[in-house]
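There are 2 protein chains.
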Amino acid sequence: MGTRGRQAEARRNDLRLLTAAHEVFTRQGFDAPVSAIARQAGVGMGSLYRRYRTKEELLQRLCVIAMERTVEAVEAGLAHADPWEGLSLYVRTCVADRSGALAPVAGTIEVTDEMWRTARTAEETAERLVARAHEAGVLRRDVTMLDISLLMEQFSRPAPGPPSPEHDHVRQRLLAIALDGLRAPGATVLPGEPPTPEWYRSRWGDAP
Amino acid sequence: MGTRGRQAEARRNDLRLLTAAHEVFTRQGFDAPVSAIARQAGVGMGSLYRRYRTKEELLQRLCVIAMERTVEAVEAGLAHADPWEGLSLYVRTCVADRSGALAPVAGTIEVTDEMWRTARTAEETAERLVARAHEAGVLRRDVTMLDISLLMEQFSRPAPGPPSPEHDHVRQRLLAIALDGLRAPGATVLPGEPPTPEWYRSRWGDAP
DNA sequence: CTCAAATCGGAGCGATCTACTCCGTTCACC
DNA sequence: GGTGAACGGAGTAGATCGCTCCGATTTGAG
């Protein structure tokens with residue numbers, strides 16, 4: 247099912263399109279040329295604009311999908327019996343997916359209701375995962391869920407040049423360092439106050 | 247001395263120009279409009295192009311200056327008696343300066359001999375600072391100087407939206423986590439092999 | 001095989017944007 | 001005042017972009 251004919255090609259193209267858009271948008275920002283996305287996906291401009299009426303709509307859809315994947319990653323983490331391993335898996339999965347890399351780009355376009363809703367769901371479920379780790383005493387106490395989200399966002403920022411396995415490998419090493427720094431207790435106390443949810447959301451504009 | 251007359255204004259403008267260029271280039275990449283740099287610096291296009299013949303020349307100069315500041319930060323670290331505090335100061339200074347944020351952009355233009363020379367000096371001195379920390383046993387053994395450079399580069403990546411004190415504050419928190427993860431011994435072993443100097447340099451193109 | 005429907009890739013268009021030039025104005029100094 | 005260095009920014013030619021439009025290609029039913 248789904249592997250024959252023109253409809254199957256359409257589905258494949260849609261996936262290639264979303265993958266390419268993720269890479270191009272996170273690398274170059276919203277100003278990236280649409281033609282670059284089409285070229286990277288190996289698809290014509292016509293095929294792209296038949297599926298998404300505008301460039302903005304493509305990015306909005308992409309953001310929702312990325313956040314849905316984040317929710318899945320949280321659930322996979324919660325499914326893990328060990329609170330630390332669950333949290334660690336979540337963080338590593340999100341960074342591998344570069345989910346957080348779209349957040350900066352999303353701040354430059356109109357945020358749809360669906361995006362706000364999905365973001366809220368992601369926040370709430372992630373909070374549960376972090377709370378479980380806190381209660382188990384495996385996560386340093388002075389770190390909050392938003393700290394972790396922002397840490398993942400920082401590590402999701404795209405590397406320069408063409409994507410390479412070396413870069414992915416380095417990112418995993420650096421993330422391992424940061425994860426060690428997250429375990430309780432910290433050698434130092436984190437400076438200042440933790441980020442507030444209001445500020446965190448305001449980076450996307452005014453919530454509805 | 248140097249605060250009177252048109253020449254003083256020229257010097258001030260040059261500094262404002264370099265600061266603005268650093269911000270605009272790291273945020274938008276080399277494709278950022280030159281007019282944005284001039285506007286942010288509060289300077290006319292004429293004043294910019296009298297000092298730097300081309301956009302590329304401006305960026306090249308900027309890179310050299312950033313790397314020279316890195317060298318100064320290493321020396322400040324070495325001046326510290328405590329090996330860990332010295333290393334920590336170096337890392338925090340570089341991230342505060344966003345020195346590493348130019349590295350990706352530099353990969354998109356012609357790299358001058360002067361840039362290669364300055365980079366080499368920075369590498370060599372930083373290696374001494376890291377070696378001292380290793381010998382003192384305050385830095386986990388499976389981490390190399392290049393790991394630390396790449397970590398700083400990752401943390402130097404610009405935040406979205408207009409620069410804000412909240413963002414700087416968050417960055418300091420996240421960096422504190424990573425610094426805790428750098429102290430010996432690590433709770434885990436870093437995955438895979440450390441990055442090689444050849445690969446590290448190749449991101450800028452072929453060394454001379 | 002025939003042929004209509006569906007999907008494809010990419011040339012082309014008008015509007016926008018960019019690097020850089022050029023020039024009239026301003027200001028410190030004599 | 002006069003002078004000349006430094007200033008800001010409008011102007012230009014060319015490049016680029018989002019999006020449209022259409023001829024070519026493939027599919028599958030009759």
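Protein sequence lines correspond, in order, to chains G and C.
Each number in our numbering corresponds to the 1-based position in the first sequence with 246 added.
Each number in our numbering corresponds to the 1-based position in the second sequence with 246 added.
The beta-carbon is built from N, C-alpha and C at its ideal position, and this holds for glycine as well.
Here the alpha carbon of C/Val310 sits roughly 28 Å from the alpha carbon of G/Ala278. Within the segment 260–346 of chain G, the complete alpha helix (DSSP H) runs of at least 4 residues fall at 280–287, 291–297, 301–325 and 329–343. Between C/Thr390 and chain G, the shortest Cβ-Cβ separation is not below 7 Å. For G/Leu385, the secondary structure class from DSSP, reduced to helix, strand or coil, is strand. Rounded to whole angstroms, the gap between the alpha carbons of G/Thr364 and G/Val389 is 24 Å.
Selection C/Ser395, C/Thr316 and C/Pro406 evaluated against C/Leu428 yields C/Ser395 as nearest (Cα-Cα).
When only Cα atoms are considered, G/Met361 and G/Val320 end up about 18 Å apart.
It is roughly 13 Å from the alpha-carbon of G/Phe271 to the alpha-carbon of G/Ala405. Taking the beta carbon of G/Glu412 as reference, the chain C residues within 8 Å of it are Pro441 and Trp445, listed in sequence order.
Interface annotation, C/Ile394: not in contact with chain G, CB-CB separation never under 7 Å.
Apart from sequence neighbours up to five positions away, the residues of its chain that approach G/Ile355 with a beta-carbon distance below 8 Å are Phe276, Glu302, Leu305 and Gln306, ordered along the chain. Proximity to C/Val376 across C/Trp330, C/Pro409, C/Gly290 and C/Pro437 peaks at C/Trp330, based on C-alpha coordinates. In chain order, Gln418, Arg419 and Ala422 make up the part of chain C whose C-beta sits under 7 Å from the C-beta of G/Pro437. When G/Ala372, G/Arg257, G/Tyr446 and G/Pro411 are compared, the shortest CA-CA separation from G/Leu335 is found for G/Ala372. By the C-beta criterion, the segment 334–350 of chain G is judged not to be in contact with the segment 286–299 of chain G, since fewer than 3 inter-stretch pairs fall below 8 Å. Here G/Ala379 is near G/Leu333, since their CB atoms are less than 7 Å apart.
Look at G/Arg299: its C-beta is not under 7 Å from any C-beta on chain C. At a cut-off of 7 Å, the C-beta of C/Gly353 has a neighbouring C-beta in chain G. The alpha-carbon of G/Glu381 is positioned some 24 Å away from that of G/Glu399. Around the beta carbon of G/Val337, a 10 Å sphere encloses 16 or more other beta carbons of the protein chains shown; the residue is thus reported as buried. Per the DSSP secondary-structure output, G/Arg403 pairs with nothing in a beta bridge. Judged by beta-carbon spacing, C/Ala312 lies beyond the 7 Å limit of C/Ala287, meaning their Cβ atoms are not closer than that value. Taking C/Asn259 as the centre and dropping the five residues before and after it, the same chain places the C-beta of Val289 and Ser293 closer than 6 Å to its C-beta, in chain order. The straight-line gap separating the alpha-carbon atoms of C/Asp393 and C/Pro441 is approximately 7 Å. Listed as beta-bridge partners of C/Arg429 by DSSP are C/Leu385. Think of a sphere of 9 Å around the beta carbon of C/Asp343: no beta carbon from chain G falls inside it, the nearest being about 17 Å out.
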